[in-house]
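Peer 1: Heads up: the sequence shown begins at 16 in this note's numbering, then just goes up one per residue.
Handing you a structure now.
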Amino acid sequence: MPTLKVHNIVFRHEDLFELQLERGDVNFEPGACLALFNDDGDSRPYSISAGTQENILRFLIRRVPNGRVSHWLALRKPGDTVEASDPFGWFRPGRSTPTGERCVFIATGTGIAPFLSHLRSNSAQPPEMCLYGIRRLADAFALDELEQLNGFRLAVSKTSGHSHFHGRVSGLLGQVPLDEEIHYYLCGLDTMIEETCQWLEASGIEYTHIHREIFFYEDGQD
Ligand SMILES: Cc1cc2nc3c(=O)[nH]c(=O)nc-3n(C[C@H](O)[C@H](O)[C@H](O)COP(=O)(O)OP(=O)(O)OC[C@H]3O[C@@H](n4cnc5c(N)ncnc54)[C@H](O)[C@@H]3O)c2cc1C
Numbered sequence: 016m017p018t019l020k021v022h023n024i025v026f027r028h029e030d031l032f033e034l035q036l037e038r039g040d041v042n043f044e045p046g047a048c049l050a051l052f053n054d055d056g057d058s059r060p061y062s063i064s065a066g067t068q069e070n071i072l073r074f075l076i077r078r079v080p081n082g083r084v085s086h087w088l089a090l091r092k093p094g095d096t097v098e099a100s101d102p103f104g105w106f107r108p109g110r111s112t113p114t115g116e117r118c119v120f121i122a123t124g125t126g127i128a129p130f131l132s133h134l135r136s137n138s139a140q141p142p143e144m145c146l147y148g149i150r151r152l153a154d155a156f157a158l159d160e161l162e163q164l165n166g167f168r169l170a171v172s173k174t175s176g177h178s179h180f181h182g183r184v185s186g187l188l189g190q191v192p193l194d195e196e197i198h199y200y201l202c203g204l205d206t207m208i209e210e211t212c213q214w215l216e217a218s219g220i221e222y223t224h225i226h227r228e229i230f231f232y233e234d235g236q237d
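Have a look at this one:
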């Protein structure tokens, strides 16, 4: 089990941060997770948001109130160490076929992490559309990178503004290209994923072309 040194921890705000760990000899594919452990031996999975060529492993983490692992991670300092598992997981954005594929990404919150990892990796084929749903603009990660994508759309549910759609990401589904060749990757909140799956299936998309990774459950949110 690797022991990884904290390179840095960068807060977006007090409950949202990027944890940067020195990579050591960890090898991973975009979409992979590591289980990170606290001092008591509790572990939780976190999705890598770094590209496969970076020396740093990046994680986008929401601090859950009283969360045993996310709160502990938020208190780490550069030079501290964190125990981690080897990379694991089956969610592979844009990689369901070995040669790449036409794909659409839909994320809420920290669910943007596996898509950033895909986009930051050299072999990345850009998605035809990437929808990113957050509550407030302060919750956004890597907007400068994402806004370079042709099909990028940002949905902000709690604040209005000229630069984004005001509402939940489901309000943008009507703009998503529908084609039997496209693979759809959904990551983040369970309710977004369920609603989007239902909409895609009702629109004639085969369930084998719908890939999902749930990070958070609406019931557990504030
Ligand atoms: C495959 C996978 C990848 C993940 N990747 C990320 C990631 O990249 N970034 C990230 O921030 N999180 C990610 N998560 C969620 C993460 O693993 C933890 O569940 C989260 O950090 C809470 O753990 P905790 O120990 O801090 O809270 P806990 O001590 O487990 O829980 C504290 C309280 O929060 C509630 N709670 C716990 N977990 C959740 C949850 N998932 N949804 C709603 N309420 C909850 C509990 O009911 C409890 O009341 C991922 C989850 C999965 C399954």
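Beta carbons: idealized from backbone N, C-alpha and C, even for Gly.
Does ligand 1 have even one heavy atom less than 7 angstroms from the beta-carbon of residue 85?
Peer 2: Numbered from its first residue, the sequence shown carries residue 85 at position 70. Within the cutoff, so yes.
Peer 1: From residue 220 to residue 29, what distance separates their C-alpha atoms?
Peer 2: Within the sequence shown, residue 220 is the residue found at index 205, counting from 1. Within the sequence shown, residue 29 is the residue found at index 14, counting from 1. For residue 220 and residue 29, the gap between their C-alpha atoms comes out near 39 angstroms.
Peer 1: Terminal residues of the continuous beta strand (DSSP E) containing residue 32?
Peer 2: Within the sequence shown, the letter at position 17 stands for residue 32. Residues 31-37.
Peer 1: If I follow the unbroken beta strand (DSSP E) through residue 136, where does it start and stop?
Peer 2: Indexing the sequence shown from 1 puts residue 136 at position 121. From DSSP, residue 136 is part of no beta strand (DSSP E); its letter is neither H nor E.
Peer 1: Contact criterion: CB-CB distance below 8 angstroms. Does residue 156 meet it with respect to chain C?
Peer 2: Structure shown: chain C not included; a single protein chain is present.
Peer 1: Could you tell me whether any non-hydrogen atom of ligand 1 is closer than 7 angstroms to the CB of residue 62?
Peer 2: The sequence position of residue 62 within the sequence shown is 47, counting from 1. Yes, ligand 1 has a heavy atom inside 7 angstroms of this Cβ.
Peer 1: So, using beta-carbon positions, are residue 119 and residue 45 closer together than 8 angstroms?
Peer 2: The sequence position of residue 119 within the sequence shown is 104, counting from 1. The sequence position of residue 45 within the sequence shown is 30, counting from 1. For residue 119 and residue 45, no; Cβs fall outside 8 angstroms.
Peer 1: Can you tell me which of 166, 162 and 183 puts its alpha carbon nearest to the alpha carbon of residue 172?
Peer 2: What you label residue 172 is simply residue 157 of the sequence shown in a count that begins at 1. Looking at the Cα atoms, 183 is the closest of the given residues.
Peer 1: Could you tell me the alpha carbon to alpha carbon distance between residue 200 and residue 117, rounded to whole angstroms?
Peer 2: Residue mapping note: residue 200 aligns to position 185 of the sequence shown, counting from 1. Residue mapping note: residue 117 aligns to position 102 of the sequence shown, counting from 1. Their Cα atoms are separated by approximately 11 angstroms.
Peer 1: I need the straight-line Cα distance from residue 238 to residue 223, nearest angstrom please.
Peer 2: No statement about residue 238 is possible, as the shown extent of the chain runs from 16 to 237 and does not include it.
Peer 1: Over the uninterrupted alpha helix (DSSP H) stretch that includes residue 144, give me the two end residues.
Peer 2: For the purposes of this step, residue 144 is taken as the residue at position 129 of the sequence shown. Premise fails: residue 144 lies in the beta strand (DSSP E), 144-149, not in any alpha helix (DSSP H).
Peer 1: Taking the straight line between their C-alpha atoms, what separation do you get for residue 17 and residue 52?
Peer 2: As a working note, residue 17 is residue 2 in the sequence shown. As a working note, residue 52 is residue 37 in the sequence shown. Straight-line Cα distance between these residues: approximately 11 angstroms.
Peer 1: May I ask which residues mark the beginning and end of the beta strand (DSSP E) holding residue 50?
Peer 2: The residue labelled residue 50 in the question sits at position 35 within the sequence shown. Counting along the chain, the beta strand (DSSP E) containing residue 50 begins and ends at 48-52.
Peer 1: With a CB to CB cut of under 8 angstroms and the five nearest residues on each side skipped, what residues in its chain are close to residue 41?
Peer 2: Locating residue 41 in the sequence shown gives position 26, counting from the first residue. Correct list, in chain order: 17, 19, 49, 72, 99, 101 and 102.
Peer 1: What span of residues does the beta strand (DSSP E) with residue 28 cover, start to end?
Peer 2: The sequence position of residue 28 within the sequence shown is 13, counting from 1. Its beta strand (DSSP E) spans residues 18-28.
Peer 1: Would residue 31 and residue 159 qualify as a contact pair, given that the criterion is a beta-carbon distance under 8 angstroms?
Peer 2: What you label residue 31 is simply residue 16 of the sequence shown in a count that begins at 1. What you label residue 159 is simply residue 144 of the sequence shown in a count that begins at 1. No.
Peer 1: Let me know the secondary structure DSSP gives residue 161 once reduced to three states.
Peer 2: For this step, residue 161 is matched to residue 146 along the sequence shown. DSSP places residue 161 in helix when its eight states are reduced to three.
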